[in-house]
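Scroll down for the structure; my scribbles are underneath it.
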Amino acid sequence: MSEAVRFSVSLSEELMGGFDKLLDQKGYENRSEGIRDLIRDFLVQEEIDKNREVVGVITLVYDHHVRELTNTLISKQHDTTAEVISAMHVHLDHHNCLEVVVARGKGKVLHAFADGLIGVRGVKHGKLVLTSTGAELPK
Ligand code: NI
227 MSEAVRFSVS LSEELMGGFD KLLDQKGYEN RSEGIRDLIR DFLVQEEIDK
277 NREVVGVITL VYDHHVRELT NTLISKQHDT TAEVISAMHV HLDHHNCLEV
327 VVARGKGKVL HAFADGLIGV RGVKHGKLVL TSTGAELPK
């Protein structure tokens with residue numbers, strides 16, 4: 227980490243109290259770590275909003291007995307313009323599988339890719355989480 231900068235912030239006691247309570251519940255050791263996480267989340271969200279390159283984690287729960295479903299999901303992963311970095315498959319029970327796909331690309335591309343997977347018939351539940359280091363914004 228580069229040299230730390232100190233700054234002071236003015237806010238109401240009510241807001242500070244709520245923040246401190248939440249930090250305590252979440253197990254933060256101090257306010258600085260909480261503020262750092264908030265700022266990073268703000269920067270990552272800005273990268274996503276500006277359609278910069280980020281990382282997407284897509285989870286899919288599906289019934290692998292549905293005809294052609296597995297092949298369709300694989301084909302979509304081969305055909306996307308997003309860069310699929312890794313895919314993990316977990317056999318949850320006799321019927322159900324969990325697939326976790328990690329891909330890199332612009333936010334809009336990843337949204338379209340995830341929507342295409344989640345929308346396949348037989349996919350019971352799907353989620354996309356976009357994340358990044360927050361380091362791609364201009365300094
Ligand atoms: Ni399976």
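Residue numbers (the working numbering): 227 to 365.
For glycine and all other residues, C-beta sits at the position ideal for the given N, C-alpha and C.
Note that this is a predicted model, so its numbers are computed, not measured.
By the Cβ neighbour-count rule, Leu248 is exposed, with fewer than 16 other Cβ atoms within 10 Å of its own.
Within a 10 Å sphere around the beta-carbon of Leu318 sit fewer than 16 other beta-carbons, which makes this residue exposed. DSSP places Arg257 within a helical segment (H, G or I) once states are collapsed to three.
Relative to the Cα of Val287, the nearest Cα in the group Leu264, Leu299, Thr357 and Arg278 belongs to Leu299. Those residues that bring their Cβ nearer than 6 Å to a heavy atom of the ligand NI are His290, His315, His317 and Cys323. Separation of the CB atoms of Ala308 and Arg330 is rounded to 7 Å, and the pair is thereby assigned contact status at 8 Å.
Distance from the CA atom of Glu240 to the CA atom of Asp246, rounded to whole angstroms, is 10 Å. The residues Gly333, in chain order, have a CB closer than 8 Å to that of Asp275 in the same chain once the five nearest residues on each side in sequence are set aside. A buried status is given to Ser358, since no fewer than 16 other beta-carbon atoms sit within 10 Å of its beta-carbon.
Proximity to His304 across Gly342, Ser238 and Asn322 peaks at Gly342, based on C-alpha coordinates. If the five residues before and after Ile311 are omitted, its C-beta is found closer than 7 Å to the C-beta atoms of Val328, Ala329 and Arg330, all from its own chain and listed in chain order.
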